[in-house]
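Enquirer: Quick one: structure below, then a few questions.
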Amino acid sequence: METALALRVAPPRTEEVMREARERGVYDGSRSVRKVGANVEVPVTRRFGGYETVEQDDPVIRRVSLGDYVDDPPSFSLVGDVALVNFGDADGEREHAVAEALEELHGVGGVLAHEGVEGEERVPRTRHVAGERGTETVHSENGFVFALDPARVMFSVGNAPERVRMRGTVSEDERVFDMFAGIGYFAVPAAVGGAEVTAAEVRREAHGYLVENARRNGVSESLDARHTDCRNVDVTADRVILGHFDATDEGYLDHAFGCVADGGMLHVHDAVHEEESEETVCAVEEAARGHGYEADTDVRRVKGVAEGVAHVVVDTRVS
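The numbering of the sequence shown is this note's numbering, which starts it at 2 and goes up by one.
Okay, here's the thing in structure tokens:
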């Protein structure tokens with residue numbers, strides 16, 4: 002049987018050590034954090050950091066799903082060590098029960114009620130439910146690291162495959178323009194993949210995280226993070242990313258086609274009713290014609306975003 006390692010720390014350091022273990026990719030979520038005497042044991046897959054390390058003879062195995070704790074469990078996503086939960090019309094007692102279950106099941110440091118997004122900039126609308134510290138966290142996935150506060154900036158865990166795809170799609174030294182960079186959702190993977198990236202973000206808070214995430218992922222030299230409306234950026238790019246559901250409005254497509262090089266590629270994200278992406282494709286093709294291009298389009302489904310509504314990407318090669 003594989004050795005069950007744990008770091009033995011004082012209780013006030015529990016969240017700090019759990020976060021560090023997650024950032025290093027060594028936190029063992031299959032076991033529970035547990036109190037032993039005056040200390041706490043944080044389960045890990047290997048030693049690090051000079052902490053006292055013990056081998057657990059009788060580790061506490063986590064129950065495997067939220068449904069093991071509460072009836073009719075709500076949907077949720079984990080961003081770093083913060084849980085975003087779609088509580089619906091649940092009362093305070095149920096919210097508290099779900100929060101306690103998530104703390105036990107996933108060791109989260111905070112729980113937020115996710116209540117939608119607001120405005121063109123898609124600012125998340127959340128409500129604090131549990132957790133004594135702030136909601137700033139570090140989310141690790143597929144070799145990427147993103148610092149953010151999910152109470153203040155958008156982050157979709159469901160877009161993880163698209164981030165991996167972006168890293169693998171770009172070519173070395175390819176010129177990429179990310180028009181709605183946010184905290185670096187697609188700009189960072191493109192830069193990690195070897196591209197030279199120009200990334201525009203209009204919100205000051207998101208731009209700050211964009212700069213930080215370029216640094217955390219070792220791509221500050223190849224990612225030019227600009228705090229401005231993307232329509233103010235004039236570049237020539239081999240690939241343009243429009244990762245915003247309103248990208249077909251307000252002249253964004255027109256600006257994108259003004260920036261893309263002949264033979265280049267656009268990735269136009271949108272939210273559409275299932276199997277009804279024709280309107281987005283038509284908007285892309287019309288904008289292409291306005292710049293003297295032919296557009297070869299392919300529609301890919303990324304994920305569902307609501308009942309009957311899908312997040313799609315229109316991949317567009319221009320010639």
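Glycine included, each C-beta is placed from N, C-alpha and C at the ideal position.
No experiment lies behind these values; they were computed from the predicted model shown.
Going straight from the alpha carbon of residue 294 to that of residue 123, what length do you get?
Expert: Residue 294 and residue 123: Cα-Cα distance of roughly 31 Å.
Enquirer: Can you give the Cα-Cα distance for residue 75 and residue 131, rounded to whole angstroms?
Expert: Spanning the two alpha carbons is a distance of roughly 16 Å.
Enquirer: If I measure Cβ to Cβ from residue 181 and keep anything under 8 Å in the same chain, skipping five residues before and after, which residues do I get?
Expert: For residue 181, where only same-chain residues beyond five positions count, the Cβ hits under 8 Å are 201, 202, 231, 242, 243, 244, 245 and 248.
Enquirer: State the DSSP-derived secondary structure class of residue 258, mapped to helix, strand or coil.
Expert: Of the three classes helix, strand and coil, the one that applies to residue 258 here is helix, per DSSP.
Enquirer: Going by beta carbon distance, what residues of the same chain come within less than 8 Å of residue 4, once the five residues before and after it are set aside?
Expert: Excluding positions up to five away in sequence, the list reads 56.
Enquirer: Count the CB pairs spanning the region 113-120 and the region 81-92 that are closer than 8 Å, and state whether there are at least three.
Expert: Judged by Cβ distances under 8 Å, the region 113-120 makes contact with the region 81-92, as three or more pairs qualify.
Enquirer: Given a cut-off of 8 Å, decide if residue 319 and residue 261 are closer than it, judged by their beta-carbon atoms.
Expert: Going by C-beta atoms, residue 261 is nearer than 8 Å to residue 319.
Enquirer: Mind reading off the beta-carbon distance from residue 143 to residue 166? Whole number of angstroms is fine, and I expect it under 8 Å.
Expert: 10 Å between Cβ atoms; not a contact.
Enquirer: Quick one: what's got a C-beta closer than 6 Å to residue 15's C-beta in the same chain, skipping five residues either side?
Expert: Result list for residue 15: 41, in chain order.
Enquirer: Is the Cβ-Cβ distance between residue 192 and residue 223 less than 8 Å?
Expert: Yes; because the gap between Cβ atoms is below 8 Å, this pair is in contact.
Enquirer: I believe residue 185 touches residue 169 by the beta-carbon criterion, under 8 Å. Please report the beta-carbon distance rounded to the nearest angstrom.
Expert: Incorrect: roughly 17 Å between the Cβ atoms, too far for contact.
Enquirer: Please report the straight-line C-alpha distance between residue 160 and residue 140, rounded to a whole angstrom.
Expert: In a straight line, the C-alpha of residue 160 is about 13 Å away from that of residue 140.
Enquirer: When we look at the beta-carbon of residue 237 and count the other beta-carbons within 10 Å, is it buried (16 or more) or exposed?
Expert: Looking at its Cβ environment, which holds fewer than 16 other Cβ atoms inside 10 Å, residue 237 is exposed.
Enquirer: Who are the Cβ neighbours of residue 273 in its own chain at under 8 Å, not counting the five residues just before and after it?
Expert: Answer for residue 273: 280, 281, 310, 311 and 313, listed in chain order.
Enquirer: From 270, 256 and 316, pick the residue whose C-alpha is nearest to that of residue 292; which is it?
Expert: Among 270, 256 and 316, the Cα nearest to that of residue 292 belongs to 256.
Enquirer: If you count every other CB in all the chains shown that lies within 10 Å of the CB of residue 229, and 16 or more means buried, which is it?
Expert: Its Cβ having fewer than 16 others within 10 Å, residue 229 is exposed.
Enquirer: Give the DSSP bridge partners of residue 211, in chain order.
Expert: Paired residue(s): none; residue 211 is not in a bridge.
Enquirer: May I ask you to list the residues that DSSP assigns as paired with residue 28?
Expert: DSSP, once it has assigned bridges, lists 45 as partnering residue 28.
Enquirer: Is residue 235 near residue 176, with beta carbons less than 8 Å apart?
Expert: The answer is no: Cβ separation not under 8 Å.
Enquirer: Return the chain-ordered list of same chain residues with a C-beta closer than 6 Å to the C-beta of residue 300, the five sequence neighbours on each side being excluded.
Expert: Excluding sequence neighbours, residue 300 sits near 278, 313 and 315.
Enquirer: Short of 6 Å in beta carbon distance, which residues of its chain neighbour residue 35, apart from the five on each side in sequence? Order them along the chain.
Expert: Answer for residue 35: 42 and 61, listed in chain order.
Enquirer: Would a C-beta distance cut-off of 8 Å place residue 49 and residue 25 closer than the cut-off?
Expert: Taking 8 Å as the Cβ cut-off, residue 49 and residue 25 qualify as a contacting pair.
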